[in-house]
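To start, the structure under review is shown below, and the notes come after it.
Residue numbers (my numbering): 537 to 799.
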């Protein structure tokens, strides 16, 4: 890399409209990356159009989307861009993010990408170890039920593979489902019927504990996971802690930045 190179890391997240969880998750990830790579300027972009529009309208806060962040970095004279997503899987959001960023390839000497959280088997195991450090103290006759987002993208298979790996690594009381795909709530109810837990602990398997965690998981609505498990006769407790709050998860993102070939 030439001596006049001006390097930046663009941290790309889905985003959240909840300030409290943002500080504990997205801000914490960006801060950890900034500390690990002091020679890089750190920029932020979010990919959820809905969240960006909501923040603009409700709070008069503007956060860049990927295109705007690329324009800002080009304007600031950045020459080499490393893009680290905080996305959980290599799904639709990640594909679109790469497309948007690569539209600017002529304006930079180099654009390179880090991997989302769950990309390799090593990532899967490290994520499970991080979850084990957080919830391994829960008695084995109680269930830890994790709520992932889920997607129509083929990368959704990652969730079922992760659930299988959890069991393989000795966490027989850990179960992973998704809001929008497979494994679904129906699958989880069947699994728990066999397991017969003394208690169910609901945990978001998402970077932030936002709308899905508060409403679809822990909400009072009859369709929420909390309500459905309660109706099935289980004692239920919700934990509103996003994955970005766990140090072990932030360490994986730092490793992914280090593994970017251009670094």
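From the three backbone atoms N, C-alpha and C, an ideal C-beta is built for every residue, glycine too. All values derive from a computational prediction rather than experimental measurement.
Query raised in the report: From what residue to what residue does the alpha helix (DSSP H) around residue 729 run?
Result: 721-731
Report task. To the nearest angstrom, report how far apart residue 677 and residue 734 are at their CA atoms. Result -> 6 Å
Query raised in the report: Counting along the chain, where does the beta strand (DSSP E) carrying residue 710 start and finish?
Result: Residue 710 -> beta strand (DSSP E) spans 710-714.
Query raised in the report: Under a Cβ-count criterion, where at least 16 other Cβ atoms within 10 Å of its own Cβ denotes burial, should residue 737 be classed as buried or exposed?
Result: Flag for residue 737 reads buried.
Query raised in the report: Measuring CA to CA, which of 618, 776 and 756 is closest to residue 746?
Result: 776
Query raised in the report: Around the Cβ of residue 541, are there at least 16 other Cβ atoms within 10 angstroms (buried) or fewer (exposed)?
Result: Under this definition residue 541 is an exposed residue.
Report task. Would you kindly check if the distance between the Cβ of residue 587 and the Cβ of residue 551 is under 8 Å? Result -> Cβ atoms of residue 551 and residue 587: closer than 8 Å.
Query raised in the report: residue 647 by DSSP, collapsed to three states: which one?
Result: Strand.
Query raised in the report: In angstroms, rounded to a whole number, what distance separates the CA positions of residue 557 and residue 646?
Result: 33 Å
Query raised in the report: Under a Cβ-count criterion, where at least 16 other Cβ atoms within 10 Å of its own Cβ denotes burial, should residue 656 be classed as buried or exposed?
Result: The Cβ neighbour count for residue 656, taken over all protein chains shown within 10 Å, is under 16; the residue is labelled exposed.
Requested in this report: Say whether the segment 633-644 touches the segment 563-571, bearing in mind that this needs 3 or more beta-carbon pairs closer than 8 Å, one atom from each stretch.
Outcome: Cβ pair count under 8 Å is below three, so no.
Query raised in the report: DSSP state of residue 764, grouped into three classes?
Result: Note: residue 764 maps to helix in three-state DSSP.
Query raised in the report: For chain B, is any of its Cβ atoms less than 8 Å away from the one on residue 750?
Result: No chain B appears in the structure shown, which is made up of a single protein chain.
Query raised in the report: If you follow the alpha helix (DSSP H) that residue 702 is part of, which residue opens it and which one closes it?
Result: 693-704
Query raised in the report: Could you give the residue range of the beta strand (DSSP E) that holds residue 547?
Result: Secondary structure note for residue 547: its beta strand (DSSP E) is the uninterrupted segment 543-549.
Query raised in the report: Can you list, in chain order, the residues of its chain whose CB lies under 8 Å from that of residue 592, leaving out five sequence neighbours each side?
Result: 598
Query - For residue 581, the first and last residue of its enclosing beta strand (DSSP E) - result: 577-582
Query raised in the report: Is the distance from the Cβ of residue 778 to the Cβ of residue 753 below 8 Å?
Result: no
**Report entry** Proximal residues to residue 755 (C-beta, below 7 Å), its chain only, five neighbours per side dropped
**Finding:** 762
Query raised in the report: With DSSP run on the structure shown, which of helix, strand or coil describes residue 748?
Result: helix
Query raised in the report: For the beta strand (DSSP E) that contains residue 618, what are its first and last residues?
Result: 616-621
Requested in this report: Express the C-alpha separation of residue 660 and residue 773 in angstroms, rounding to a whole number.
Outcome: 25 Å
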